[in-house]
Amino acid sequence: MEAEHTIADGNTRLPIEIILLIVENLIPPYDGSRPILPASHPITKTLLSLTRVCKATHPTASKLIWQNCLYIDRKSKLRRFRRYISQKSPITGRSPYEAYGSAKLYLSPLHYKFDTASTYGAIAPSVRRGKEKPGRMSDGSDSDMETDQSDEWADGSQTGGHGAPRSRSPVDDGYSEYSTHNWRDAPMQDLRTIHILKDVLITLAPVLKTIIVDMPLRDLSPTQNGDILEPLRQGFEALVNIEELISVKDELYVDTDTEVIQPHVFIKWPKLRRLCLYNVMAADTFFEDMASCPQLDTAVFVRPDLADDVKGEWAAAWAKINRQDTKDDGLVYQGPKISMAFCDWPPYLYDFSSKIPHWQEVDPDNKIIVSTVATHQRYDRRSRRRGPIASCQDWIRDHALRGTIWSEVETKCQPVTPPIMFEGQVEDDDDEWVDDDDGEDWSDDNSDLW
């Protein structure tokens, strides 16, 4: 019994309360959202070790892993994670989502061999064994058998069953009816993984608050891939407790029908407060879907396709969805405050200045806060080499994983507001932008590098 209340080293004994306080403080305090840590991070490794030290530290360490380390970037991890969440711990007597509460998830089990490289490794050092060849990236496509032998989400490591045998089968029970091919050139065609993913999402639905989706969903066609899109859509629609959605590669595209315009899955999420989407068509019907989310107050759009009259279209969409709350003719916005940030490379930032007079009529109280955000410095040579698509997706992924996506936008946004004019001042119509890159004027730069 004494071993459960103290940990001894020689003549030194520490009360378990002190030990647990040390364990809890392995996760440093953050002003905003916490990051999602990969398995290679030292904190994740330490927490995993603490689940095996003794029964006293197991629940606390397991809870911290659950809250901060749900980082699924391989199919094998997704399978092991599904097994983990479907089992009850012999220590707590409950399944993880029942025992540890709310969670946030990075979801990227399906991707191409050489997908967009992330700079997240700067805070998540690699732990690949042996020497890595120069210029080679980890493609996340390790064989099922090899990765199933790792420590992450292994049966013994997470449930407290020390010495329990691990399952080394590359195939999960219950999914043998689906194809077992290796879809390296078409990752989204892996039907077995799709169904495992659906089951994971449905299981996590009661507790999942934040999700970062990083999969090439636009590879799928509603006319040709209905058998894949249908379970995907069912899984995402089940996430009724989501508060934050971040989609790295698209607008979370899971349409299953081309004959009709389907609403986005997030209209099923009544608690959604913030969303960040890549290359979305931000107009009319999309704004109507947004207006259907009563708690939504922040939207970040990276490289979107949109019409210039953002406030006008949002006001019209909100009035259409909330007719009972709309007075007069709906031309003046009467809805709640909402912030919309439009992010892109500096040369491609949106210019809404011509719409300001009209917006003052549509939104006289400035409750629709429109801003622009430069994702990179204009003279950032690395982002120029990466190109706009890869560098902007890197920007979303890295800030989302660090938990800084919302604070980054808030800090660097440039609000679209009427210029402040003083008596006698003549308006300057000079749009030329000369940056600090050797004084070079790039105002008319049409280089293909951009």
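In terms of UniProt numbering, the sequence shown opens at residue 1 and continues consecutively.
By construction, the Cβ of each residue, glycine as well, lies at the ideal position given by its N, Cα and C atoms.
Only a predicted model underlies this, so the values are computations on that prediction, with no experimental measurement involved.
Sequence-distant Cβ neighbours of ASP250 in its own chain, meaning closer than 7 Å and more than five residues away, are LEU217, ARG218, TYR278, ASN279. Between the alpha carbons of MET340 and LEU191 lies a distance of about 36 Å.
Taking the CA atoms as reference points, HIS195 sits about 8 Å from TYR175. DSSP places ILE72 within a strand segment (E or B) once states are collapsed to three. Judged by their CB atoms, PRO109 and LYS77 are nearer to each other than the 8 Å cut-off. Uninterrupted beta strand (DSSP E) stretches at least 3 residues long and entirely within the stretch 340–414 occur at 368–374, given in chain order. Rounded to the nearest angstrom, the gap between the Cα atoms of THR372 and CYS54 is 51 Å. For ILE267 and SER292, the gap between their C-alpha atoms comes out near 6 Å.
When C-beta atoms of the stretch 202–221 are compared with those of the stretch 237–251, three or more pairs fall below 8 Å, so the two segments count as touching.
Counting only residues of its own chain and dropping the five nearest sequence neighbours on each side, LEU201 has a CB closer than 8 Å to the CB of LEU208, GLY235, PHE236, ALA238, LEU239.
ILE212 has TYR106, ILE246 as its beta-bridge partners, per DSSP. For the 8 Å CB-CB criterion, ALA282 and PHE301 form a contact.
Within the stretch 292–316, there are no complete alpha helix (DSSP H) runs of at least 4 residues.
Only residues of its own chain outside the window of five on either side were considered, and among them TYR30, GLY32, SER33, ARG34, PRO35 have a CB closer than 7 Å to the CB of GLY403, listed in chain order.
Using a Cβ distance threshold of 8 Å, TYR333 and ILE356 do not count as a contacting pair.
Going by DSSP, TYR278 is part of the beta strand (DSSP E) stretching over 274–278.
Around ARG303, the same chain offers ASN279, ASP344, CYS392 as residues with beta carbons nearer than 6 Å, after the five sequence neighbours per side are excluded. THR46 is classed as exposed because its beta carbon has fewer than 16 other beta carbons within 10 Å across all chains shown. Excluding five sequence positions before and after LEU20, the CB atoms of its chain that fall closer than 6 Å to its own CB belong to THR60, given in chain order.
For VAL260, the number of other beta carbons within 10 angstroms of its own is below 16, and it is reported as exposed. SER62 counts as buried, since at least 16 other C-beta atoms from the protein chains shown sit within 10 angstroms of its C-beta. Relative to the Cα of LEU50, the nearest Cα in the group PRO38, ILE22, HIS399, LYS75 belongs to ILE22. Within a 10 Å sphere around the beta-carbon of LEU14 sit fewer than 16 other beta-carbons, which makes this residue exposed. The continuous alpha helix (DSSP H) containing PRO42 extends over residues 42–50. The continuous beta strand (DSSP E) containing ARG13 extends over residues 12–15.
Relative to the Cα of THR57, the nearest Cα in the group GLU243, ASP398, ALA316, ILE18 belongs to ILE18. Looking at ILE246, THR203, THR193, the one whose alpha-carbon comes closest to that of TYR97 is THR203. Following the DSSP letters along the chain, one finds TYR97 inside the alpha helix (DSSP H) bounded by residues 96–100. In the structure shown, ILE261 adopts coil according to DSSP, grouped into three states. ASN322 and ILE242 have their C-alpha atoms spaced approximately 22 Å apart.
Put simply, the backbone Cα of VAL265 is about 34 Å away from that of PRO28. The alpha carbon of LEU401 has as its nearest neighbour, out of PHE286, LEU229, ASP305, LYS104, the alpha carbon of LYS104.
Counting only the Cα atoms, ALA99 lies some 49 Å from PHE352. Assignment of ALA39 by DSSP, reduced to helix, strand and coil, places it in the coil class. Contact annotation: LEU107 and ILE211 have beta-carbon atoms nearer than 8 Å. By the C-beta density criterion, LEU197 is buried, having at least 16 other C-beta atoms within 10 angstroms.
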